[in-house]
């Protein structure tokens with residue numbers, strides 16, 4: 479009896495689980511220029527300098543999202559597959575938010591599509607991020623470039 483009901487009940491339990499315990503997933507990209515400087519963006523709606531990134535859209539993979547976000551926000555079109563550097567909890571912003579952090583090692587310039595979302599973008603020395611760089615951005619740069627211990631939180 480139990481096995482015959484499973485195909486019927488499973489979709490209901492999955493829907494309940496999603497409503498009861500929703501999780502959000504975002505991505506951030508590490509993009510460096512030929513001089514080793516890191517691409518950072520400043521949003522028009524949020525304070526600070528961030529690694530380019532955003533939410534994973536419905537039906538999109540995390541890799542597709544990071545490629546899209548790097549191009550839209552930063553004007554950096556990935557060539558090849560990004561490398562996953564880490565997966566972080568971002569519970570300060572939302573109780574069940576997570577961020578997948580990727581390195582885009584090879585890229586070519588493209589026209590950013592961020593519109594008014596991005597107030598400013600630029601390449602910066604990873605050892606001296608601009609004033610106002612977010613704590614998560616600074617932590618990731620220290621981990622990648624200075625060998626700082628990895629944190630589980632963004």
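Residue numbers (the numbering used here): 479 to 632.
Every residue, glycine too, gets a C-beta built ideally from N, C-alpha and C.
Keep in mind the model is a prediction, meaning the values are calculated, not measured.
Buried or exposed by the 16-neighbour rule on C-beta atoms within 10 Å, applied to residue i
{"i": "residue 569", "result": "exposed"}
{"i": "residue 626", "result": "exposed"}
{"i": "residue 523", "result": "exposed"}
{"i": "residue 598", "result": "exposed"}
{"i": "residue 606", "result": "exposed"}
{"i": "residue 516", "result": "buried"}
{"i": "residue 546", "result": "buried"}
Alpha-carbon to alpha-carbon, residue j and residue i
{"i": "residue 514", "j": "residue 574", "result": "33 angstroms"}
{"i": "residue 505", "j": "residue 540", "result": "7 angstroms"}
{"i": "residue 608", "j": "residue 487", "result": "52 angstroms"}
{"i": "residue 519", "j": "residue 604", "result": "14 angstroms"}
{"i": "residue 600", "j": "residue 490", "result": "47 angstroms"}
{"i": "residue 480", "j": "residue 582", "result": "Residue placement at residue 480 is poorly supported in this model, since its pLDDT is 47, which falls under 50; the coordinates still yield a value, given next. Distance between the alpha carbons of residue 480 and residue 582 is about 47 angstroms."}
Reduced DSSP secondary structure (H/G/I, E/B, other) of residue i
{"i": "residue 489", "result": "helix"}
{"i": "residue 479", "result": "Note on residue 479: pLDDT 46, under 50, position unreliable in the model; no value is reported."}
{"i": "residue 618", "result": "helix"}
The alpha helix (DSSP H) enclosing residue i, as first and last residue numbers
{"i": "residue 502", "result": "Taken as a continuous stretch (DSSP letters only), residue 502 belongs to no alpha helix (DSSP H), being part of the beta strand (DSSP E) at 502–509."}
Run of the beta strand (DSSP E) containing residue i, from where it starts to where it stops
{"i": "residue 517", "result": "516–521"}
Runs of beta strand (DSSP E) wholly within the segment 546–601 (minimum 3 residues, chain order): Listed in chain order, the complete beta strand (DSSP E) runs (minimum 3 residues) inside the segment 546–601 are 554–556, 561–567, 575–582 and 585–587.
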